[in-house]
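Letter by letter, the sequence shown follows residues -18 to -1, 1 to 248 in mature numbering (1 follows the signal peptide of the UniProt record, and there is no 0). One structure below.
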Amino acid sequence: MSAFLSAVLLWAMQVGAATFPATVEVDLIFPRNDTYAPSILFPIVFAFQNAALASSLDPSLDLLLWDSTFSHANDSTLNLKSTNFSNEPTFVYTYISTLNTTADGAPTSYMLSWELGARNCSHGGLPFIGGGFRSLGVTFTIANGAPKPDLVGATTNSALCTNASHFAFNLTGTLDVYPAQYDGRNSCAVLSDVQPLVDGDPCAVHVDSATASSISAALTATACADAVSPLVSCPSKQNAAAADTKTGFPAMLSGFVAALVAMQLL
């Protein structure tokens, strides 16, 4: 049995064995409210906790980045329709390629606003009722001489994770839906009418060195995939093809700063 099929079967077993109420949490685990060195591929990383039920929310992520002068607004949508939520937690990540310098050498502050779309079938089984979008933001600074982006450190620092940007949904059940009408998904979340959102625990997610390396390698492979003049050192085409097969990430998205891609860690 292939590793992929095993993961799918495990996901199905987890969904089938789910007990309610259940919490599905979405955390922005990087960046935090901190200061970082300029980076060619600056990562943005989300984590889905209780990921086996996350697909029932049919989640989507919209991002908006601007600097302190509000003069360089950029936005994009991360397509999560093909995301495999069989891992716990499931990481979804992307990069920005324009934070590799500072304005006139001075520290530059940025605001990253993220908007989470989620559907809710608690009213008559209609997936468009009671869901909607919720927004949060994080402010960070790019400065010469600051520490490089560090996913491991960001998720082990309790002072940073306590106030991390996140949403936690209170599911009381799921309803079966037709996949053709629900982005290919088989179930739709039923949120509590009394308390649809609950307190989450963003400190529960930790990125170890192996996961951080995998994310970094996937970002690099994506940056090299279609770039005529890539900004980073790229592996050979043979190695890049192998990495693409292993990670299974979708094609690069455009429109968010210079380069942005959404992918999943398998």
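Every residue gets a Cβ at the ideal spot worked out from N, C-alpha and C, and that includes glycine. A quick note: this is a predicted structure, and the numbers were derived from the prediction, not measured.
Count the other CB atoms, across all protein chains shown, that sit within 10 Å of the CB of S104; report buried if there are 16 or more and exposed otherwise. So S104 counts as buried.
DSSP state of I22, grouped into three classes? Note: I22 maps to coil in three-state DSSP.
Let me confirm a value: A225 is counted as buried when at least 16 other C-beta atoms fall within 10 Å, else exposed. Which label applies? For A225, the predicted structure reports a pLDDT of 41, less than 50, and the residue's modelled location is therefore unreliable. A value from the coordinates is still provided. Counting Cβ neighbours within 10 Å, A225 comes out buried, since at least 16 surround it.
Is A136 closer than 8 Å to P71 when the C-beta atoms are compared? Cβ distance not < 8 Å, so P71 and A136 don't count as in contact.
**Asked** Measuring CB to CB, does V120 end up less than 8 Å from P13?
**Response** Yes, they are a contact pair.
So F91 is in the beta strand (DSSP E); what residue range does that whole segment cover? Note on identity: in this sequence residue 91 is Ser, with Phe being the wrong assignment. Per DSSP, S91 is one residue of the beta strand (DSSP E) stretching across T90 to G99.
- Within 8 Å, strictly: CB atoms of F149 and L173: Against a cut-off of 8 Å, the Cβ pair of L173 and F149 comes out as no contact.
Worksheet entry | Separation of D57 from T227, as counted between CA atoms | Residue confidence is low: T227 scores 33 on pLDDT, short of 50, so the model does not pin down where it sits. Its coordinate-derived value is still stated next. The straight-line gap from Cα to Cα measures roughly 28 Å.
Please list the terminal residues of the continuous alpha helix (DSSP H) segment that includes P133.
According to the sequence as given, residue 133 is Leu; it is not Pro. Here the alpha helix (DSSP H) through L133 covers L133 to A136.
Going by other Cβ atoms of all chains shown within 10 Å of its Cβ, with 16 needed for buried, is P131 buried or exposed?
Classification for P131: buried.
_Cα-Cα separation, T144 to T17_ = Between the alpha carbons of T144 and T17 lies a gap of roughly 17 Å.
Q. Helix, strand or coil: which one does DSSP assign to G127?
A. In the three-state DSSP reduction, G127 falls in the coil class, being neither helix nor strand.
Q: Find the nearest neighbour of D165 within the set T65, D44 and I26, judged by alpha-carbon distance.
A: Answer by Cα proximity: T65.
Per DSSP, what kind of secondary structure is G119 in: helix, strand or coil? Correct three-state label for G119: strand.
| message | Using the three-state DSSP reduction, which class does L(-10) fall into: helix, strand or coil? | response | The pLDDT assigned to L(-10) is 45, lower than 50, so where the model puts this residue is not dependable, and the model offers no usable value.
Problem - G155 in three-state terms, based on DSSP - result: When DSSP states are grouped into helix, strand and coil, G155 belongs to the strand group.
Sequence-distant residues of its chain with Cβ nearer than 8 Å to V214 (five each side left out)
Excluding five sequence positions before and after V214, the CB atoms of its chain that fall closer than 8 Å to its own CB belong to I22, L23, T202, A205 and C206, given in chain order.
Beta carbon of F67, beta carbon of S37: below 8 Å?
Yes; because the gap between Cβ atoms is below 8 Å, this pair is in contact.
Inset, instruction - Tell me where the alpha helix (DSSP H) around S198 begins and ends. - result: Its alpha helix (DSSP H) spans residues S191 to A207.
> Cα separation between A146 and A162?
Replying inline: Going from the Cα of A146 to the Cα of A162 covers about 35 Å.
Relative to the alpha-carbon of Q31, which residue among F151, S191, S198 and R167 has its alpha-carbon at the smallest distance? Ranking the options by Cα distance to Q31, first place goes to F151.
ask   = Is it true that the CB of L153 sits closer than 8 Å to the CB of residue 272?
value = For residue 272 there is no data in the structure shown, the boundaries of the chain being -18 and 248.
S211 by DSSP, collapsed to three states: which one? S211 carries a coil assignment under DSSP once its states are collapsed to helix, strand and coil.
*asked:* Could you check whether N139 and A19 sit closer than 8 Å to each other, using their CB atoms as the reference points?
replied: Taking 8 Å as the Cβ cut-off, A19 and N139 do not qualify as a contacting pair.
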